[in-house]
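Everything below concerns the one structure shown next.
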Amino acid sequence: MGGPSGELLAALQTSVSDVAGSFRIERTRPVAGGCIHRCFILEGGGRRYFAKTNDRSALDSFAAEADGLAALAAAGARVPATLCQGQAGEQAFLVLEHLELRGNGDYAALGRSLAAVHSVHGEAFGWHRDNYIGGTAQLNRRSSSWSDFWREARLGPQLELARKNALGRDLVEKGERLAEGLPRLLSPHAPAASLLHGDLWSGNAGFLADGAPVLFDPAVYRGDREADLAMTELFGGFPQAFYSAYAEAAPPAQGYAVRKMLYNLYHVLNHANLFGGGYAGQAKAMIERLLAELR
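Numbering-wise (our numbering), the sequence shown opens with residue 129 and increments by one.
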């Protein structure tokens, strides 16, 4: 993969200079690990910034990311600050504060930080704009009903994608039966509309040198706080210290085990729609187990 084009470098340099003072890019270093965007560290004059780039169709994705980071920051979470975003020809970009992150740190502090984010409540489920879960559009039309929101904005759209992607008629039909039964499955659970990170796997959290936790790459909306907790368990990577500290601030509610499977089904279906492979079979098995809860 080559570095940024001259046109893009010029736009990055100008945009950063406009918000952070005169800046000349002396070096760019590619950052591995992203599966959607091309990422670079911009260096010059002893300063560093983190830049994400893609074609111009990513403009809305970058705007959504900046919006989500701002919401988490307003709730007290440490996030990389957004400097600027824009376009250079056919390329879009987002420039963030550069943070030296580590994979391990104060997980108890991360649990407390997440609980503080979840303590910020709204009047309705959803968000003021749609955003993205990985490379998939995430719908966030507001609703006063949690089961309606989960059916119409989470499970339903993924099942429609599964139909288009030919992931299996049985999966889709059983998924639609599950969607119809959501009011019963979720009753009598009545969660607050908590601010959520929305895409909280271990790759979207890190730690500064002093151990302080940092959240990034969000897909924010207001929903059941358990949806964030569920995803931390889907792919693992969070130790018991994280869960213990979170539970001290916000103990889990009865029936979480079933809801955890429902909330993680959304992410497994999304992976099936994006990557195929064994995710479709995993999603179908989860749907069947959830349907059994309705009998």
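Glycine is no exception: its CB is placed at the ideal position from the N, C-alpha and C atoms. This structure is a prediction, so every number in the text was calculated from the model and none was measured.
For a cut-off of 8 angstroms, the C-beta gap from ALA347 to GLN410 is around 21 angstroms, too long to register as a contact. If you draw a straight line from the Cα of PHE363 to the Cα of PRO311, it is about 27 angstroms long. A contact is defined here as three or more CB-CB pairs under 8 angstroms, and the segment 212 to 222 meets this definition with respect to the segment 174 to 186. In this structure, DSSP gives ARG305 a helical state, which the three-state scheme calls helix. Approximately 13 angstroms separates the beta-carbon atoms of ASP352 and HIS325; this is outside 8 angstroms, ruling out the contact. Burial is judged here by how many other beta carbons sit within 10 angstroms of a residue's own beta carbon; GLY405 has fewer than 16 and is exposed. GLY250 and HIS317 do not touch by the CB rule: their CB atoms are close to 18 angstroms apart, not below 8 angstroms. At a Cβ-Cβ threshold of 8 angstroms, ALA340 and ARG206 count as neighbours. Counting along the chain, ALA220 sits inside the beta strand (DSSP E) bounded by residues 219 to 225. A distance below 8 angstroms between beta-carbons, with the five flanking residues on each side excluded, links LEU227 to the following residues of its chain, in chain order: PHE178, PRO208, GLY334, LEU336 and VAL342. ASN401 sits away from ILE261, with the two beta carbons spaced by 8 angstroms or more. Relative to the Cα of LEU422, the nearest Cα in the group LEU393, MET359 and ALA307 belongs to ALA307.
With contact defined as three or more Cβ pairs closer than 8 angstroms, the segment 379 to 393 and the segment 241 to 248 are not in contact. Ranked by Cα distance from THR264, the first of ALA290, SER241 and ALA243 is ALA290. Under the DSSP assignment, GLN266 falls outside any alpha helix (DSSP H), being part of the beta strand (DSSP E) whose first and last residues are 264 to 266. Pairing GLU416 with ARG155, the inter-Cα distance amounts to about 53 angstroms.
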